[in-house]
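Let me begin by presenting the structure, written as structure tokens, before commenting on it.
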Amino acid sequence: MLVQMYNVSKSYDNGVRALNDVTLKIERGEFVFLMGHSGAGKSTFIKLLMREELPTRGQIFVASRSVLRMKKAEIPQLRRNIGVIFQDFKLLENKTVWENVAFAMQVVGATSQQIKARVEETINMVGLSGRESSFPSQLSGGEQQRVGIARAIVNRPLIVIADEPTGNLDADTAWEIMELMSEINRKGTTIIMATHAHEIVRRMHKRVICLDKGCVVSDQQGVSIA
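Following numbering that gives the first Met the number 0, the numbering of the sequence shown begins with 0 at its first residue and continues without gaps.
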């Protein structure tokens, strides 16, 4: 089991209870949609997995390691195993496609040889061969998101968390991105995708976890959202 949450609750100092007694498991290689209205708890769920926040109570395990009991020095290793894809891309505007992807490896101390081989392979995989020298401002929204995906997977993480990755894209481009995400999942990477895109969820037939007011209100496999 890759992710385990047991009776996880999270309350903030202002009295907001973002998660309420959440218990769930996510297996290696799963593709999971995380759905719910704004304020349902999706962002807190993601922050807890990344250990950007700690739960008020409950236990969280990632790859059999307790997130709560991790020493400060162990947190970077946890985050190396989690790639993140953002709605607004968050690319470095002064760096090329190649440099944006390479940067994700540089920060974890990869060698120049490792970076050269892995970055080229990853850029090819996301369909950006020939665009290595382009800057983000020279790319379409879909191309920028492909760079974001390449950056998220270049360190070969166990989990990719995608936070509304199609939110700023038109419908056709969104489907191209989802096909790429499916390919990454087929290669064995676990994907947890927070989204409001009901049409995508309906057509993908994957596991769907729905949150409402911090509670898991449904958790179903292969559902079609109406």
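Glycine included, every Cβ here is placed at the ideal spot set by N, Cα and C. What you are looking at is a predicted structure, and each value in this text was computed from that prediction instead of being measured.
Could you check where the alpha helix (DSSP H) with residue i kicks off and where it finishes?
i: Arg201; result: His197 to Met203
i: Ala72; result: No alpha helix (DSSP H) contains Ala72, which DSSP labels as neither H nor E.
For residue i, which residues in the same chain have their Cβ closer than 8 Å to its Cβ, ignoring the five residues on either side in sequence?
i: Leu127; result: Val96, Glu142, Arg145, Val146 and Ala149
Which same chain residues, not among the five before or five after residue i, have their C-beta less than 7 Å away from its C-beta?
i: Glu175; result: Gly141
Please state the DSSP three-state secondary structure of residue i.
i: Lys41; result: helix
i: Ser63; result: coil
i: Phe30; result: strand
i: Met104; result: helix
i: Gly35; result: coil
i: Ala225; result: Because Ala225 carries a pLDDT of 46, less than 50, the predicted location of this residue cannot be relied on, and no value is offered for it.
i: Ser10; result: strand
Output the distance between the C-alpha atoms of residue i and residue j, rounded to the nearest integer angstrom.
i: Ser217; j: Phe85; result: 25 Å
i: Glu51; j: Glu131; result: 32 Å
i: Leu168; j: Leu67; result: 36 Å
i: Tyr11; j: Met180; result: 33 Å
i: Val31; j: Gly40; result: 15 Å
i: Val153; j: Ser65; result: 25 Å
i: Gly28; j: Thr43; result: 22 Å
i: Leu47; j: His197; result: 25 Å
i: Ser37; j: Leu90; result: 24 Å
So the beta strand (DSSP E) residue i belongs to, where does it begin and stop?
i: Ala161; result: Ile158 to Asp162
i: Arg50; result: Looking at the DSSP string, Arg50 is not in any beta strand (DSSP E), and its letter there is neither H nor E.
i: Met192; result: Thr189 to Ala193
i: Lys24; result: Arg16 to Ile25
i: Asp211; result: Arg206 to Asp211
Kindly indicate if chain B contains any beta-carbon less than 8 Å away from that of residue i.
i: Ala72; result: Looking for chain B here will not work: only one protein chain is present.
Practice task
Would you check if the region 151-164 and the region 184-204 touch, i.e. whether three or more CB-CB distances between them fall below 8 Å?
Solution key: By the C-beta criterion, the region 184-204 is judged to be in contact with the region 151-164, since at least 3 inter-stretch pairs fall below 8 Å.
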